[in-house]
Each structure stands twice: as structure tokens, then as C-alpha cells.
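Contents: one structure, followed by commentary.
In the working numbering, the protein residues as written are 1054 to 1598.
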């Protein structure tokens, strides 16, 4: 079993390492009005979708804020069931797929016209119009609304309504990463009604989005019940009125992974994203379908180079060399990860293929500490998120650091408390990385630019900030790729983070769940996932075909 499991992981790692950049280079101006003609919207001829049933899912944490512009959002997958974006990313994580937006046309260096698809309405019944889009971006840009996404729209000067379904986005610069912003958190389309009612907390307020499901009942910390959106715009666009196929969703909050797995095995859950320890146990179990896919996340520890001992690059290097990434992947991820060499995953179009993971070298780590004046040892402080996996990784890393004389004292905190510590710069080494690495500017600016919402604990670096801005404004996709590859190498060489791995996710499906395509999801990623809803074999759970 172990040999078969490792063979499967090695095969997947080989596939994901090939890179999926299409040969053609799309420009910033795109139009895709006929979705039905696109490869990523087609169904296999053998697929026979069936309407009915409520799919039962589980999450380790409640979704959190249902307004994607409010922090924290703890579960972006759940959020995407009821919110949708203007633009979707392709198989190489480039924002090349107009979605709610029908087209983006660059009028000049600092103006982009966005045309919306016609006939779309929000869950509250109000239509998607140019006025609604203007209201949303105006709302994000007002500091008093405390939207964390304000830092992602700093280059937006104003939004001008030029037609019922057309807006002109007036930019402060060329802002080449504008489509990437539309494919990220600020690109989730919300109605003016929802934003007018927003009182800074959306936990129990039904959001007014565009997605395939609508919030029916919310019990923060316990469950979220969704119901089918009968007016889903994509179903109309594709001529498939039965989409989405489930009548609803029930997402139960079950913090204990063992309890989640027990519920799945008892048939009380229809699909489950497995903890790494659970994958090995279920890999060869013929009662379930297990699918492995690369995830576009980058796991890391962040180091504070603005104050404390990690201002010395020798200390940062020592920490990085003291951590055995392969051992962590084998011991805590059970092989479900690719060793990371930097911020961008290996199948991301902006990744620098020349980067190599930091070598595990305890001897060098001790030498670097001695050179920095810590030959008798060093104590550093920080925090991690209080999930079982995060704590397990932290404990294993703490033990590795202890072998070279570094005593890492960390607190396990809830996401809100961890965010407060990060904002205050109150750490030497702490949970880091980036979830959903989409447009390269979002993560690069977010982590390393002074305007980035997650850049606390980074020492001022005007030259780096200038280069990040230059990459953000370069219109040539080929030149942008070179610039981001250089930026990725630059921050990696500065050891501002301890890059650990790019995860692989393992999802278990009950036999009665239909519609999942390994090949489609691997090749087209989120553009496939959003356009191919799952269904039950006989329209209800518990009835394998």
C-alpha cells in the first residue's frame, strides 16, 4: 500500500511540475461571450447529471465573514458557493477567463472598459448593473468601511458608468495586474443591498451574491445551510437549467478531524477533504474515490526582519537551514506536498524554475548562528494558527530548531488573534505563506510592499517596493513573467520567509457522488471547478450507481 501511495504521489508531482502555460499569449483585452463553446464548460458525452439531494460537507472552521472584503474569511471554498468573481483563472493561474465580466478592453494606458454579462441577478433579486459594480468598488475604497481588500485596489482612481452594463475603470497607473485583482478577493461581486446593510460582521447575515447557492440558514460555529439558486446565471448561459444539480448544501463545522472522518465513513458526509494522516488510511479503500490535486497555496513561516534577532540575515538563514522540509512533508503531510523553493508554486506561470529549495544543513545553521553572535543559543518567539495540523508542524519544526540551539517559543492562536499579532509585528517567527496564489502581484504586494495588508514585520525596502510596482505596471505578459521570476528569487535569497511546501490536496468522495474529473481539474483548475457542478447518482445521497 505504501509503495502504491508513493508511486501515485510521484506521478502527480511529475505532472504538476511540467507547467501548463498555453503557447498562446492572451492580451489584456479579452471577450468570451459564448461560454458554451469553451472547452472548460463542456460535459463528457457519458455524463448524465441528475437533479436532487442535499450534499453534506464538513469544515474545520466556520466560514467566518461572508463578505469577502471583511477579515477573517476562514473558508474560501465555502464562500465561493455563494459568491462569484468577474474573472476566473486558467490552468496556469493566469486571469484569462472572463466570467461574470463578459470582456475587458484596455482603452489606453490607464483605462479599462469592463462589460458585464447580461441578465444576471443577485440573490436578493436586484440586477447586476454597471451602477452596482461602481457602488461595490466605491465601497471598498472608502477607508471607513474597513475592507481589507482596499490594499488590492490602490491603483484604482475611479469607476465610471458608461452604459447599463459597462464601466470604465480609471487607473492611477497602467496596472497590468488589474485582471488578476478581478480574479481575487476584491473581484467577488456583491450587491449594493448587501453592502448597504453591512455592519462589519457578516457571520449570520445572508450575503447577496451571484453564486449557484444562496444562504438559507447560518449558525456561526455550528453549520451553514445553503439552498439552490434557481436563477444561476451560468446555468442560463450554458442552456442547462438544472445546474446546479444539488437542491442544497449543508456544511457542518467539525473541528476534530477524527470526528469528520468517522462521519464520512458512516455515510453522513458525501465528500471530505482529508487530513494528511487520513489519506494513507483511505488510499486503497475501494469503498471511496480518492482524488489528489495540486493546491495553489504556499506554506511557510514568516520571519520578522524589522526588529529582533531575525534582522540579521545570518539568523534567518540559520533558521531556514535547520528545518528539514522533506522530513516535515513525510512526517506531517504524509507525502502530500511538493517541497517549495519560493512563493509561486511550480505550476504557476510566474514561478522561477531556477530556484532550489533551501538545503537542510544543521552544521551550516550552527555556523551562521555563531557568526551572528549566538553561539550559546538563541530564543525566538512567535505564533501559529491553533489547528491540529498547524500545531503539529510547529512542534516538529521547534524540535528541528532545538537541534541547532534555537528555542522557538510559540503560541497557538485563533485566526483573529494571530492576525492581531501579525498586524502589531509581535513575532520573530510565525505562521506565514499565502493561500490561493493567483495573480503574482496579489501575493507579492500583500507580503512585501509597504501597502500590503500582510507586510507587517518587513523592514522598509524602497528598492524592492519600486520593483514590485514596476512589475505590477508592465503590460507585456512575457516581461511580467521575467520580472516576477526575478522578484521571487530576490525575496527567497533574502530569506524573509522559510518556504516549506506547496500542498497536494486529497479529497474523498462517496461512490454516489458524480461529476468529478481528475483530468479537467488538473488542466483547467478553477475554471473547470466553477463550471462543472457535482451531482448524486440517483439524485440523492447513499445510492451508488
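Glycine residues also receive a C-beta, built at the ideal position from the N, C-alpha and C atoms.
Following the DSSP letters along the chain, one finds residue 1347 in no alpha helix (DSSP H) but inside the beta strand (DSSP E) bounded by residues 1341 to 1347. In the three-state reduction of the DSSP assignment, residue 1223 falls in the strand class. In this structure, the beta-carbon distance from residue 1236 to residue 1540 does not fall below 8 Å.
Cβ atoms of residue 1351 and residue 1124 stay farther apart than 8 Å, at about 19 Å.
Per DSSP, reduced to three states, the secondary structure at residue 1180 is strand. Leaving aside the five residues that flank residue 1288 on each side, the residues in its chain whose CB is nearer than 7 Å to its CB run, in chain order, 1294 and 1296. In the displayed model, residue 1317 falls within a helix according to three-state DSSP.
Taking 8 Å as the upper bound for CB-CB distance, residue 1307 and residue 1496 are not in contact here, some 30 Å apart.
Exposure of residue 1428 is indicated by the presence of fewer than 16 other C-beta atoms within 10 angstroms of its C-beta. DSSP links residue 1267 through a beta bridge to 1280.
For residue 1373, there is no enclosing beta strand (DSSP E); the enclosing alpha helix (DSSP H) covers residues 1366 to 1375. For residue 1537, the uninterrupted alpha helix (DSSP H) segment begins and ends at 1530 to 1546. Residue 1497: member of the alpha helix (DSSP H) spanning 1493 to 1501, first to last residue. With contacts defined by Cβ atoms closer than 8 Å, residue 1234 and residue 1262 do not form a contacting pair. For residue 1155, the uninterrupted beta strand (DSSP E) run begins and ends at 1154 to 1161, by DSSP. Counting only the Cα atoms, residue 1368 lies some 19 Å from residue 1514. Residue 1217 sits exposed, since fewer than 16 C-beta atoms from the chains shown fall within 10 Å of its C-beta.
Bounds of any alpha helix (DSSP H) do not take in residue 1175, whose DSSP letter is neither H nor E. The closest CA to that of residue 1095, considering only 1292, 1313, 1431 and 1119, is found on 1292.
With a beta-carbon spacing of about 7 Å, residue 1212 and residue 1186 fall inside the 8 Å limit used to define contacts.
Sorting 1489, 1450, 1393 and 1472 by C-alpha distance to the C-alpha of residue 1462 places 1450 at the top. The C-beta distance from residue 1246 to residue 1177 rounds to 5 Å, short enough to fall under 8 Å.
In terms of Cβ geometry, residue 1415 and residue 1392 do not form a close pair [threshold 8 Å]. Following the DSSP letters along the chain, one finds residue 1464 inside the beta strand (DSSP E) bounded by residues 1459 to 1466.
Membership of residue 1305 in the beta strand (DSSP E) is indicated by the continuous run 1301 to 1306.
Per the DSSP secondary-structure output, residue 1325 pairs in a beta bridge with 1561.
As computed with DSSP, residue 1453 is found in no beta bridge at all. At the C-beta level, residue 1135 and residue 1273 stay beyond 8 Å of one another. With 16 or more other Cβ atoms from the protein chains shown falling within 10 Å of its own Cβ, residue 1143 counts as buried.
The Cβ atoms of residue 1131 and residue 1327 do not sit closer than 8 Å to each other. Residue 1471 and residue 1099 have their C-alpha atoms roughly 48 Å apart.
Under the three-state reduction of DSSP, residue 1589 is assigned to strand. Note: residue 1151 is bridge-paired with 1140 in the DSSP secondary-structure output. For residue 1488, the three-state secondary structure derived from DSSP is coil. In the three-state scheme derived from DSSP, where H, G and I count as helix and E and B as strand, residue 1416 is classed as helix.
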